[in-house]
Amino acid sequence: MRFESVFRQYSWNDVKAAIYSKTAKDVEMALEKKQRGLEDFMALISPAAAPYLERMALISRQLTQQRFGKTIQLYVPLYLSNECQNICTYCGFSYDNPLKRKTLSGAEILQEVNAIREMGYEHVLLVTGEASQTVGLEYFMKVMPLIRRHFSQISMEVQPMDQEDYEQLIPLGLHSVLVYQETYHEEDYRKHHPKGKKSRFSYRLETPDRLGLAGIHKIGLGVLIGLEDWRTDSFFTALHLDYLQRTYWQTRYSISFPRLRPFSGGLAPKVDMKDRELVQLICAYRLFNEDVELSLSTRESEKFRDHLVQLGITTMSAGSKTNPGGYAVDPQSLEQFEISDERSAATIAAMIREQGYEPVWKDWSPVFGG
Amino acid sequence: MEPLIIAGQPFTSRLFTGTGKFGSAAQMEAAILASGSELVTVALKRIDTAHSLQDDMLQHLQHPHIHLLPNTSGVRTAKEAVYAAQLAREALETNWIKLEIHPDPKYLLPDPVETLEAAASLVKLGFVVLPYVHADPVLCKRLEDAGVAAVMPLGSPIGSNKGLRTLDFLEIIISQSRVPVIVDAGIGAPSHAAQAMEMGAAAVLVNTAIAVARQPEKMADAFRQAVIAGREAYEAGLGTASVKANASSPLLAFLDE
């Protein structure tokens, strides 16, 4: 059984109605429990939980410290290519967006790798658009060995692939794959992804299954906040997480909460999520799931990120560039989205330390495989 | 307090500590020093094995009384564990290894099948093996037969601070073990540590409860004292608990009449 058969048992509208009908009593019950389930998660992300945010934050901080300690893991994205055959209404790399396309060569990758290594990074996230002719399996098979010897841990945020493809990449050092559903609202998904392979909703939906079957160490989930009602989309993310943890029990999971950011020629968010609401969502995830990793990128503002260090987040990026070649090769090229927190890795590490937390650069060894 | 001897190495402290979850390397160092611990476990995955001399964490553990116990946290199979142990031996110049194989990232519960297989291989390769296991008395005997230097059964799920939930099985393991029994996970309060020591555990390993405390250094000292108190009580010979006072010989008093 794959996730799609679980997903089909739920209707978007029913879930949304259930979330918005949660009461203060439901929230209080959820807060009292030791083990919280999906119903509790609904209560915690509902409008009814807003007055309980301080209490949620306290519990979230305590649970996160207990499970992860006073540490924040650091990673940085390495954009390998902005070539893309998909049209995504919200993305700077969309096929119909006129910008200079670029895929890094081996030599250019090494230039970027050196710049990133100098920042102190051991964990790197490889990012591309979806262009199977130029940045398909063959390209990844070629560049992975180049990159691997410079880093302890390699993650990928690229197009969804087949199980067999993942099985070939994992022995080359692929530790983790991030694959965001963008939205679990199927009709809206089709509107935002009218062209390209990404328009296949079900194939994307079952990507984590294929990763789990391939035996990957970690899978990253999330939705693009701003496309649809964030509460309903987050419920489906939690449902997905719950299913995956039960099914692929040897794999770790992480959640990201990207809020739609402006980019050149881009779409304005349909739904605006307030800072307060994002804190609520992060705390709700932690109360629902004590061991899921929660990641906050440089899309968020300095002040917001500073305060979130202690509230449930386990992973952060810093000093990120979202354009291929952005670190050394071609720093002036167009970005996928605008960075909000532009501070350097060293500055972020110092900020984390000031709060009595330890920035962790390395938490994996290539000898473990993946 | 009698010294503890593992694989010929004497330890005056029976409190072993970890290095994870601390807010800074300096805080970790201060806590470990306050704990009096002489055996400190370090996750191989956190160390820069290529440049171990410059590694920040290791630099804070450079004290003559502290022995490092690298652990294999992160591996999922016996094969990976053996490989990791060999790397740790090279990087840290010790043949001691804390064998941890927990393929389940949610509760970090140890895999008994892979652990036994890896332990047997590592012993053959000349390692001093300290395996982290469930409080499973039969598994502990099997590991002992395979030649491990100690066994490290859990008190409750790692990091849970729940104390000795496996009490009945720990008692069996301690009662029949020929190697030191180190209660490894779930110890959340000094009273839990004292309880384990009173039962006759050879040592306890504490990490989360110290690292996550508001004042790790102070908590480390509290654990130090609790472990000493528990051990001394064990050595002194604890009386059996009783609900009410026993008369000296109520049933046989007639014999003296």
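Residue numbers (this note's numbering), protein chains in the order written: chain A, 1 to 370; chain B, 1001 to 1257.
Cβ coordinates follow ideal geometry from the N, Cα and C atoms, glycine included.
Owing to the predicted nature of the structure, the values given are computational and were not obtained by experimental measurement.
Residue i - DSSP class collapsed to helix/strand/coil
i: A/Y95; result: coil
i: A/I19; result: helix
i: A/G212; result: helix
i: A/H240; result: helix
i: B/V1204; result: strand
i: B/L1167; result: helix
i: A/G220; result: strand
i: A/T128; result: coil
i: A/E39; result: helix
i: B/M1219; result: helix
i: A/K195; result: strand
i: A/E157; result: strand
i: A/M1; result: coil
i: A/F235; result: helix
i: A/E182; result: strand
i: A/P366; result: helix
i: B/F1011; result: strand
i: A/I225; result: strand
i: B/R1231; result: helix
i: A/R246; result: helix
Residue i to residue j span [Cα, whole Å]
i: A/E342; j: A/A318; result: 8 Å
i: A/D367; j: B/A1084; result: At residue 367 of chain A the sequence reads Val, which differs from the Asp that was named. In a straight line, the C-alpha of A/V367 is about 6 Å away from that of B/A1084.
i: B/A1043; j: A/A328; result: 33 Å
i: A/K195; j: A/R204; result: 14 Å
i: B/V1212; j: A/S60; result: 14 Å
i: A/L296; j: A/F304; result: 10 Å
i: B/D1145; j: B/D1184; result: 20 Å
i: A/L38; j: A/W12; result: 15 Å
i: A/D162; j: A/L137; result: 10 Å
i: B/A1233; j: B/Y1132; result: 26 Å
i: A/E358; j: A/Q9; result: 43 Å
i: A/T128; j: A/A48; result: 39 Å
i: B/V1129; j: B/I1210; result: 25 Å
i: A/G326; j: A/Y79; result: 8 Å
i: A/E118; j: A/C283; result: 34 Å
i: B/T1077; j: A/D229; result: 42 Å
i: A/Q133; j: A/E83; result: 10 Å
i: B/H1060; j: A/R67; result: 23 Å
i: A/D272; j: B/I1172; result: 59 Å
i: A/T237; j: A/L224; result: 11 Å
i: A/L239; j: A/R286; result: 14 Å
i: A/C88; j: A/D233; result: 18 Å
i: B/P1003; j: B/H1134; result: 26 Å
i: B/D1056; j: A/S202; result: 46 Å
Residue of the options minimising C-alpha distance to residue i
i: A/A50; options: A/T64, A/D40, A/L239, A/V27; result: A/V27
i: B/E1114; options: B/V1128, B/V1075, B/D1136, B/T1017; result: B/V1075
i: A/P331; options: A/I19, A/S60, A/Q111; result: A/Q111
i: B/L1092; options: B/D1145, B/M1219, B/V1183, B/L1053; result: B/L1053
i: A/E122; options: B/R1046, B/G1147, B/I1005, B/A1026; result: B/R1046
i: B/H1063; options: B/I1032, B/A1078, B/L1087, B/D1048; result: B/I1032
i: A/E32; options: A/E358, A/L221, A/I348, A/F288; result: A/F288
i: A/F235; options: A/F3, A/S5, A/V15, A/R2; result: A/V15
i: B/N1207; options: B/E1198, B/G1200, B/A1189; result: B/A1189
i: A/V124; options: A/D209, A/L178, A/L63; result: A/L178
i: A/I352; options: A/Q336, A/K362, A/P324, A/H307; result: A/H307
Residue span of the alpha helix (DSSP H) that contains residue i, given as start and end
i: A/M144; result: 137-148
i: A/I348; result: 345-354
i: A/S202; result: 201-205
i: B/I1006; result: It is not in any alpha helix (DSSP H) - B/I1006 instead sits in the beta strand (DSSP E) that spans 1004-1006.
i: B/P1180; result: That residue, B/P1180, is in no alpha helix (DSSP H); it is neither H nor E in DSSP.
i: B/H1192; result: 1190-1199
i: A/S256; result: Here A/S256 belongs to no alpha helix (DSSP H); instead the beta strand (DSSP E) covers 252-256.
i: B/A1043; result: First-last for B/A1043: 1039-1043, but that is the beta strand (DSSP E), not the alpha helix (DSSP H).
i: A/I109; result: 106-118
i: A/V27; result: 24-32
i: B/D1056; result: 1056-1059
i: B/L1033; result: 1025-1035
i: A/Y166; result: 163-169
Span of the beta strand (DSSP E), counted from its first residue to its last, around residue i
i: B/G1018; result: 1015-1018
i: A/E358; result: 358-360
Residue i: CB within 7 Å of a non-hydrogen atom of the ligand NAP
i: A/Q85; result: With respect to the ligand NAP, the structure shown offers nothing to examine, as it has no ligands at all.
Chain C residues whose Cβ lies nearer than 7 Å to that of residue i
i: A/T71; result: Among the chains of the structure shown, chain C does not appear; the protein chains present are A and B.
In chain order, which beta strand (DSSP E) runs of at least 3 residues are fully inside the region 273-330 of chain A?
293-296, 315-317
Hey, which unbroken runs of the alpha helix (DSSP H) at 4 residues or more fall wholly within the region 1072-1147 of chain B?
1078-1092, 1112-1124, 1137-1146
To test your reading of the DSSP string, which unbroken beta strand (DSSP E) runs of 3 or more residues are found completely within the region 55-97 of chain A?
71-79
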